[in-house]
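Below: the structure, in structure tokens.
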Amino acid sequence: MDIEVKKKRFLKGVISVPGDKSISHRAVMIGSIAEGITEIENFLLGEDCISTINCMKNLGVDIELKGTNVKVQGKGLYLNKSEKILDVGNSGTTIRLLMGILAGQKFETTLTGDDSIKRRPMGRVITPLSMMGAKIEAREGNFAPLTVFGNKLKGIYYKMPIASAQVKSSIMLASLYADDKTTIEEPYPSRNHTELMFSSFGAKVEVNGTKITCYPGYKLQGQKVIVPGDISSAAYFIVAATLVPNSEVTIKNVNVNPTRTGIIDVIKEMGGDIVLTNERTINNEKVADITVKTSRLKGIEIGGSLIPRLIDEIPVIAVAAVFAEGKTVIKDAEELKVKESNRINTITSELKKMGAKIFETEDGMIIEGTGFLKGNTVESYNDHRIAMSLWVAGLMAEGETKIKNAECVNISYPDFYKTFDML
1016 MDIEVKKKRF LKGVISVPGD KSISHRAVMI GSIAEGITEI ENFLLGEDCI STINCMKNLG
1076 VDIELKGTNV KVQGKGLYLN KSEKILDVGN SGTTIRLLMG ILAGQKFETT LTGDDSIKRR
1136 PMGRVITPLS MMGAKIEARE GNFAPLTVFG NKLKGIYYKM PIASAQVKSS IMLASLYADD
1196 KTTIEEPYPS RNHTELMFSS FGAKVEVNGT KITCYPGYKL QGQKVIVPGD ISSAAYFIVA
1256 ATLVPNSEVT IKNVNVNPTR TGIIDVIKEM GGDIVLTNER TINNEKVADI TVKTSRLKGI
1316 EIGGSLIPRL IDEIPVIAVA AVFAEGKTVI KDAEELKVKE SNRINTITSE LKKMGAKIFE
1376 TEDGMIIEGT GFLKGNTVES YNDHRIAMSL WVAGLMAEGE TKIKNAECVN ISYPDFYKTF
1436 DML
């Protein structure tokens, strides 16, 4: 499906965004290996999270989906062998976190996914799980399809070479099956939803700076999980309302977990008018309403420990940088190369088609703030983050912008275009 977007004169309104993708995945997985019932409200009905539900069902978990409410009948730590190969679709979270759960089972399971998943590196998870005693066979030792042979696991100390919430979470899930404690050390803090959810479900986890220690032997107990709005989805409205003239947009009930609010910090540092109100805590997660007004932005440098806190939002930050005064430098973001697409390359090439002065570097990009884009035909590369970022670019471009393969937003935000039309 191709979709066309034209320049907007203003954006005004109050909206909500779908449930947090990371929390939705984890609530289903952790609920599945807990005992008793887990009820999830405001579950994200994106394709990735539905892939997680389908995989857990194939592993014998009874899951009922009604609208955005999910009821999971937990089986405890040990699941049933799947009669079929588990297909994770486009979901990197599903395949990497499931590897941790499957490593400690009493059977083997084969996992596969779409063409994008088959290109994404799995060695970063295979290495620590193998150190714990798991046996995993993968294509070229690094790619799906892969088979996890369940085994008895041992606790380890693992110093992560990169900050990755998916890798960390996979190790944490495997640690539940280990014979002793497992400690993970990150170079920088990455999103901590697994740590928070482990605690609320009854697992013992200790966090000391960038070190996370998990202890086996504690039973997980089913919980009620209310999923807040996803800040990664809110990011497109934050940037759009900052850029489009005469705009004021309020986004209700958004997850503002400090490990995820890099986008707010960056837009504020660039000069953005963002105010958080109605701040509260739900299921150990910080939640707030976010109000954004049109602002004049300036270029800044983005890198280091900030990157894991906004890795998914970098493509739309690049759009904001086109309309900022001066130069924006994004560095230390090599991780963008192994997402659904090589996001350094894809956002750079597509914004260039629209006339942006944007240059790809080895670990990021440099954007000269020209304040101008021209509508053109651009490609999503079947990457939801790229499609949504190009939509925001189209709202500011002169003329009409056509986004090819625009339906890929269904991976994380099926009503994305409809929500923008409401403003």
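When you line the sequence shown up against this note's numbering, it's residues 1016 to 1438, in that order. The C-beta atom is built at its ideal place from N, Cα and C for all residues, glycine as well. Small disclaimer: the values here were computed from a predicted structure and weren't measured.
#1: Of the choices Ala1348, Glu1050, His1399, Thr1385, whose alpha-carbon is the least far from that of glutamate 1375?
#2: Within 10 angstroms of the Cβ of aspartate 1245, are there 16 or more other Cβ atoms? Answer buried if so, exposed if not.
#3: Assuming contact is defined by CB atoms lying nearer than 8 angstroms, are glutamate 1054 and lysine 1086 in contact in what I supplied?
#4: Roughly how many whole angstroms lie between the Cα atoms of valine 1344 and isoleucine 1315?
#5: Using a Cβ-Cβ cut-off of 7 angstroms (strictly less than) and excluding sequence neighbours within five positions of aspartate 1378, which residues of its own chain qualify?
#6: Once the 5 residues before and after arginine 1154 are set aside, which same chain residues still bring their CB inside 8 angstroms of it?
#7: Contact between the stretch 1255-1269 and the stretch 1064-1074 is defined here as three or more beta-carbon pairs at a separation below 8 angstroms; is this criterion met?
#8: If we require 4 or more residues per run, which alpha helix (DSSP H) segments fall completely within the stretch 1051-1088?
#9: On the three-pair Cβ rule with 8 angstroms, is the stretch 1298-1315 touching the stretch 1177-1185?
#10: Quick one, are the C-beta atoms of leucine 1144 and leucine 1126 less than 8 angstroms apart?
#11: Can you tell me which of Cys1064, Ile1048, Met1380 puts its alpha carbon nearest to the alpha carbon of valine 1103?
#12: For the beta strand (DSSP E) that methionine 1380 lies in, which residues bound it at each end?
#13: Can you give me the Cβ contacts of proline 1323 inside the same chain, cut-off strictly under 6 angstroms, excluding the 5 residues immediately before and after it?
#14: Going along the chain, which residues of its own chain have a beta-carbon closer than 6 angstroms to the beta-carbon of leucine 1059, five neighbours each way excluded?
#15: Specify, as a first and last residue, the run of the alpha helix (DSSP H) that glycine 1138 falls within.
#16: Does the beta-carbon of isoleucine 1326 have 16 or more other beta-carbons within 10 angstroms, so that it is buried, or is it exposed?
#17: Just grab the DSSP bridge partners of arginine 1295 for me.
#18: Would you report the Cα separation of lysine 1283 and glutamate 1383, rounded to the nearest angstrom?
#19: Measure the alpha-carbon distance for serine 1456 versus alanine 1421 and round it to whole angstroms.
#20: CA-CA distance, leucine 1094 and glycine 1075?
#21: Does the contact criterion of 3 or more C-beta pairs under 8 angstroms hold for the stretch 1208-1215 versus the stretch 1020-1032?
#22: Can you name the residues that DSSP bridges to phenylalanine 1158?
#23: Put lysine 1133 into one of helix, strand or coil per three-state DSSP.
#24: Since I believe alanine 1180 is in contact with valine 1163 (beta carbons under 8 angstroms), could you give me their beta-carbon distance rounded to a whole number of angstroms?
Concretely, from the data shown:
#1: Closest by C-alpha distance to glutamate 1375, out of Ala1348, Glu1050, His1399, Thr1385, is Ala1348.
#2: With a threshold of 16 other beta carbon atoms within 10 Å, aspartate 1245 meets it and is buried.
#3: Contact flag set, yes.
#4: Between valine 1344 and isoleucine 1315, the C-alpha separation is close to 6 angstroms.
#5: For aspartate 1378, where only same-chain residues beyond five positions count, the Cβ hits under 7 angstroms are Lys1346, Asp1347, Ala1348, Glu1349.
#6: Beyond the five residues adjoining it in sequence on each side, arginine 1154 comes within less than 8 angstroms, by CB distance, of Lys1133, Pro1160, Leu1161 in the same chain, given in chain order.
#7: These segments do not touch.
#8: Those alpha helix (DSSP H) runs which fall completely within the stretch 1051-1088 and span 4+ residues are 1062-1073.
#9: No contact exists between the stretch 1298-1315 and the stretch 1177-1185.
#10: Contact check for leucine 1144 against leucine 1126 fails: the beta carbons are separated by 8 angstroms or more.
#11: Nearest of Cys1064, Ile1048, Met1380 to valine 1103, Cα basis: Cys1064.
#12: Start and end: 1379-1384.
#13: If we look at proline 1323 and ignore the five residues flanking it on each side, its Cβ neighbours are Ala1178, Tyr1203, Ser1205.
#14: Taken in chain order, the residues that qualify are Pro1033, Gly1034, Lys1036, Ser1039.
#15: Counting along the chain, the alpha helix (DSSP H) containing glycine 1138 begins and ends at 1138-1146.
#16: Classification of isoleucine 1326: buried, given that the 10 Å Cβ count is 16 or more.
#17: BP columns for arginine 1295 point to Val1302.
#18: Cα-Cα distance, rounded: 19 angstroms.
#19: Residue 1456 falls outside the range modelled here, since the chain spans only 1016 to 1438, and no answer is possible.
#20: Taking the straight line joining both Cα atoms gives about 6 angstroms.
#21: Short answer: they don't touch.
#22: DSSP links phenylalanine 1158 through a beta bridge to Arg1154.
#23: The three-state reading of DSSP puts lysine 1133 in helix, counting H, G and I together.
#24: Not confirmed; about 20 angstroms, so no contact.
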